[in-house]
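J.: Residue numbers (my numbering): -19 to 399.
Structure incoming, see below.
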Amino acid sequence: MSAGGIFRSHDLGSQDRSEAGATVPTADAAVRRAYLDHNATSPLKREARDAILAALECVGNASSVHADGRAARARMEAARAQVARLVGASPRGVVFTSGATEAAALALHPAVEIGGRPKPCHVLLMSAVEHPAVLRGHRFSTEAVEVLPVDGAGRLDLGALDEALARHAAAGRRALLALMAANNETGVIQPVAEAARLVKARDGVVFCDGVQAAGRLPLDMAALGVDFLSLSAHKMGGPQGAGALVAAGPDDRTPALIAGGGQERSRRAGTENGPAIAGFGAVAGVARADLATEAARLASLRDALERAVLAGVPDAEVIASGAERLPNTSMLTFAGLRAETLVIALDLAHVSVSAGSACSSGKVGASHVLSAMGVPEARAAGAIRLSLGWSSTRQDVDEAVAALQKVVPHLRSRAVRAA
């Protein structure tokens, strides 16, 4: 995806991280760990913690009309504005949810309204590398779903999209496209703006999973041309259990997933989680201010990590190394090894990484993302994801590389002895 005019950089400052690697709590506070699993969850930022604690000290339900309720409402609306600014949207388009999974389920429904008018969608198109929350969490019937192929780098095949749109349009079917901004496993950036132009030319609707890109790349909903965007607080250093569905227009909506009271303009019932929303707003504000410098810092760390691994570990490979990727994400594969064995061995060496999506932990077999990319099973089986974030330091990178240089040869020699 071209960066010009869509993923824009902001020339703003960054926060101090001089002691970040030492102050982030770990599984065992007595042992320093290198945490390289920010795509699963990022440690809570100080700004989020402070906002959460301040909100917890205050009484009041945001739906109450008295002074305490109005104060709670004001805190929540301030957070709504911060989240909206992060993605170039109107605050009235932001619906707070329990997370991005709920946001995706809320968005992906046939009964879409745009500008307050019905715009029913008859078919759901999605790329083969979408997050499980999209692949399995939508509210379309099975026969109304079509999965589209990706190329060898994991990018949506725009030709296949155009063909599908033409075929459905000829049959009188309007399409809703679900396409992530960036992949959670490989970090590959998707051609969202280009895909959205094709969909809009056929009068369709576009949903974008912005979870991994938000706070790591500048997102602008208008420039991308999407109607709905999902976000998650804890990927940016906010609290777990807070997310949002952002609509391009204040009257763009789908049927409520949770019915009841009139909260969130009747789009999501239930008393809002005020403290978590306050923390979400705080990290959204920090992420927007810190975007350009943080992206450059993470890209430098990621590149140093990949250079060191490729130079120091035989038969290592970076998945989708030639594609445009998130600055913080590296998926590495090691010939002859199993990812789950590597993850456990690195954990014992005090390095936290993952074998793919945290939402698919415990799975056996190749990643659906790598399978869709055509990565051979022998390579896919040994793929692990290392993802950096706000607390990451060069020391974390160096320790991860040193661990891999010891662990990989050891596991290979053990495998040879066992054969």
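All C-beta atoms, glycine included, are put in the ideal place defined by N, C-alpha and C.
If you drop the 5 nearest sequence neighbours on each side, which residues of the same chain put their C-beta closer than 7 angstroms to that of Arg394?
T.: Position 414 of the sequence shown, counted from the first residue, corresponds to residue 394. None.
J.: Quick check: the stretch 138 to 155 against the stretch 71 to 84, are at least 3 beta-carbon pairs closer than 8 angstroms?
T.: no
J.: From Thr3 to Val293, what does the alpha carbon distance come to, in whole angstroms?
T.: Residue 3 sits at position 23 when you count from the first residue of the sequence shown. Residue 293 sits at position 313 when you count from the first residue of the sequence shown. Here Thr3 scores only 44 on pLDDT, less than 50, and its place in the model should not be relied on; the value that follows carries that caveat. Distance between the alpha carbons of Thr3 and Val293: 30 angstroms.
J.: Are the CB atoms of Val92 and Thr401 within a distance shorter than 8 angstroms?
T.: Any property of residue 401 remains undetermined from this structure, which presents the chain solely from -19 to 399.
J.: Which runs of the beta strand (DSSP E) at least 3 residues long sit entirely within the stretch 255 to 323? Give them in chain order.
T.: 296 to 298, 309 to 314
J.: List the DSSP bridge partners of Asp232.
T.: Here residue 232 corresponds to residue number 252 of the sequence shown, with the count starting at 1. Beta-bridge pairing links Asp232 to no other residue.
J.: Can you give the Cα-Cα distance for Cys38 and Pro198, rounded to whole angstroms?
T.: Mapped onto the sequence shown, residue 38 falls at position 58. Mapped onto the sequence shown, residue 198 falls at position 218. Near 33 angstroms, if we compare the C-alpha coordinates of Pro198 and Cys38.
J.: Of all the options Leu88, Met56, Ala173, Val349, which has the alpha carbon lying nearest to the alpha carbon of Gly117?
T.: For this step, residue 117 is matched to residue 137 along the sequence shown. Taking only the C-alpha atoms, the option nearest Gly117 is Leu88.
J.: Beta-carbon within less than 6 angstroms of Ala69's beta-carbon, same chain only, minus the 5 sequence neighbours each way: which residues are those?
T.: Residue mapping note: residue 69 aligns to position 89 of the sequence shown, counting from 1. Within the same chain, Ala69 has close Cβ partners Met201, Val226.
J.: So what's Leu384 in DSSP terms, helix, strand or just coil?
T.: Counted from its first residue, the sequence shown places residue 384 at position 404. Looking at Leu384 - three-state DSSP - the assignment turns out to be helix.
J.: Between which residues of its own chain and Ser334 is the CB-CB distance below 6 angstroms, once the five residues before and five after are set aside?
T.: Position 354 of the sequence shown holds residue 334. Cβ neighbours of Ser334 beyond the five flanking positions: Asp17, Ala20, Arg365.
J.: Just to confirm, are Ala239 and Ala249 a CB contact at a threshold of 8 angstroms?
T.: Counting from one through the sequence shown, the residue named residue 239 turns up at place 259. Counting from one through the sequence shown, the residue named residue 249 turns up at place 269. Yes, Cβ-Cβ distance for Ala239 and Ala249 is below 8 angstroms.
J.: Starting from Ser107, trace the alpha helix (DSSP H) both ways and give me its first and last residue.
T.: Here residue 107 is taken as the residue at index 127 of the sequence shown, counted from 1. Where Ser107 is concerned, there is no enclosing alpha helix (DSSP H), although the beta strand (DSSP E) it sits in stretches over 103 to 107.
J.: In angstroms with no decimal places, state the Cα-to-Cα distance between Leu281 and Asn41.
T.: By 1-based counting over the sequence shown, the position of residue 281 is 301. By 1-based counting over the sequence shown, the position of residue 41 is 61. C-alpha separation (whole angstroms): 43 angstroms.
J.: Taking the straight line between their C-alpha atoms, what separation do you get for Ala358 and Val191?
T.: Counting from one through the sequence shown, the residue named residue 358 turns up at place 378. Counting from one through the sequence shown, the residue named residue 191 turns up at place 211. Their Cα atoms are separated by approximately 29 angstroms.
J.: Compute the Euclidean distance between the alpha carbons of Glu274 and Val349, then round it to the nearest angstrom.
T.: The sequence position of residue 274 within the sequence shown is 294, counting from 1. The sequence position of residue 349 within the sequence shown is 369, counting from 1. Between the C-alpha atoms of Glu274 and Val349 there is a straight-line separation of about 27 angstroms.
J.: Is Glu252 buried or exposed, if buried means 16 or more other CB atoms sit within 10 Å of its CB?
T.: To locate residue 252, count along the sequence shown from 1; it is residue 272. Result: buried.
J.: On the three-state DSSP scale, how would you describe Leu368?
T.: The count along the sequence shown starts at 1 and reaches residue 368 at position 388. Of the three classes helix, strand and coil, the one that applies to Leu368 here is coil, per DSSP.
J.: Out of curiosity, what's the CA-to-CA distance linking Leu306 and Ala144?
T.: For the purposes of this step, residue 306 is identified with residue 326 of the sequence shown, where counting begins at 1. For the purposes of this step, residue 144 is identified with residue 164 of the sequence shown, where counting begins at 1. Between Leu306 and Ala144, the C-alpha separation is close to 28 angstroms.
J.: Does the distance from the C-beta atom of Val377 to that of Ala224 stay below 8 angstroms?
T.: Along the sequence shown, one-based indexing puts residue 377 at 397. Along the sequence shown, one-based indexing puts residue 224 at 244. Between Val377 and Ala224, the C-beta gap is not smaller than 8 angstroms, which leaves the two residues out of contact.
J.: Could you check where the beta strand (DSSP E) with Gly223 kicks off and where it finishes?
T.: Numbered from 1 along the sequence shown, position 243 holds the residue referred to as residue 223. Its beta strand (DSSP E) spans residues 223 to 227.
J.: What does DSSP give as the partner residues of Ala14 in its beta bridges?
T.: Within the sequence shown, residue 14 is the residue found at index 34, counting from 1. Val331.
J.: Would you list the residues sitting across from Arg97 in a DSSP beta bridge?
T.: As a first step, residue 97 must be located in the sequence shown, where it is residue number 117. In the DSSP output, where bridge partners are listed per residue, Arg97 has Ile94.
J.: For His46, count the other beta carbons within 10 Å of its own beta carbon; 16 or more makes it buried, fewer makes it exposed. Which is it?
T.: As a working mapping, residue 46 is identified with position 66 in the sequence shown. His46 is exposed by the Cβ-count criterion.
J.: With DSSP as the reference, label Ser212 as helix, strand or coil.
T.: The residue you call residue 212 lines up with position 232 of the sequence shown. Correct three-state label for Ser212: strand.
J.: So if DSSP puts Cys188 in a beta bridge, which residue, or which two residues, is it bridged to?
T.: On the sequence shown, position 208 is the one that residue 188 refers to. Looking at the DSSP assignment, Cys188 forms a beta bridge with Leu209.
J.: Could you tell me if Ser22 is buried or exposed, where buried requires 16 or more neighbouring beta carbons within 10 angstroms of its beta carbon?
T.: Counted from its first residue, the sequence shown places residue 22 at position 42. Buried: at least 16 other Cβ atoms inside 10 Å.
J.: Can you find at least 3 beta carbon pairs, one from the stretch 360 to 374 and one from the stretch 308 to 324, that sit closer than 8 angstroms?
T.: yes
J.: Taking 7 angstroms as the limit between beta carbons, can you name the residues of its chain near Met56, skipping five residues before and five after?
T.: Here residue 56 refers to the residue found at position 76 of the sequence shown. Around Met56: Ala42, Glu252, Gly254, Ile257.
J.: Let's see if you can read the secondary structure: which residues bound the beta strand (DSSP E) around Ala35?
T.: The residue given as residue 35 occupies position 55 in the sequence shown. Unbroken run through Ala35 is the alpha helix (DSSP H), 26 to 36; no beta strand (DSSP E).
J.: Glu297 and Leu317 - do their beta-carbons sit closer together than 8 angstroms?
T.: What you label residue 317 is simply residue 337 of the sequence shown in a count that begins at 1. What you label residue 297 is simply residue 317 of the sequence shown in a count that begins at 1. No, the Cβ-Cβ distance between Leu317 and Glu297 is not below 8 angstroms.
J.: Would you mind sorting Arg277 into buried or exposed? The rule is 16 or more other CB atoms within 10 Å of its CB.
T.: Taking the sequence shown and counting its residues from 1, one reaches residue 277 at position 297. That one is buried.
J.: Taking Cβ to Cβ, would you say Glu165 is nearer than 8 angstroms to Ser347?
T.: Here residue 165 is taken as the residue at index 185 of the sequence shown, counted from 1. Here residue 347 is taken as the residue at index 367 of the sequence shown, counted from 1. Yes, Cβ-Cβ distance for Glu165 and Ser347 is below 8 angstroms.
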